[in-house]
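Numbering (our numbering), first residue to last: 926 to 1026.
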């Protein structure tokens, strides 16, 4: 398994819908381009303003960095956030079908 990461952040209430729209654009492009070496999911939490991104990158480069939609998502991220994001590397302890193809 490749390098895993988790990013959690909270948007301002008025920016949550726009953030979700931009995230969906990233997944639309990923589904169209189907880059190898990436497993990726984003969750919007029940509070409506918190988001969690979970990814696994296999190989030296992260395919997200080559995505125009991800670049667009990152452009205004600072303006949408209520606080700085918390990003950390992660180690898989267990999984039941969430990471299956």
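Glycine included, C-beta positions come from ideal geometry on N, C-alpha and C.
Residue i in three-state terms, based on DSSP
i            : result
residue 929  : strand
residue 1006 : strand
residue 964  : strand
residue 982  : strand
8 Å Cβ shell around residue i - same chain, five flanking residues per side excluded
i            : result
residue 991  : 960
residue 1019 : none
Among the options, the one whose alpha carbon lies nearest that of residue i
i           : options              : result
residue 946 : 976, 980, 1009, 982  : 976
residue 940 : 1000, 1006, 965, 971 : 1006
residue 993 : 927, 948, 935, 933   : 948
residue 950 : 1016, 958, 979, 995  : 995
Beta bridge counterpart(s) of residue i as assigned by DSSP
i            : result
residue 936  : 1006
residue 1011 : 933
Cβ neighbours of residue i in the same chain (closer than 6 Å, five flanking residues each side left out)
i           : result
residue 937 : 1007
residue 984 : 962
residue 998 : 947, 951
Alpha carbon of residue i to alpha carbon of residue j, nearest angstrom
i            : j            : result
residue 1003 : residue 1009 : 8 Å
residue 1011 : residue 969  : 15 Å
residue 926  : residue 972  : 31 Å
residue 934  : residue 944  : 11 Å
residue 932  : residue 1013 : 7 Å
residue 980  : residue 1021 : 16 Å
Residues of its chain near residue i, where Cβ-Cβ distance is below 7 Å and the 5 sequence neighbours each way are ignored
i            : result
residue 1015 : 929, 930, 931
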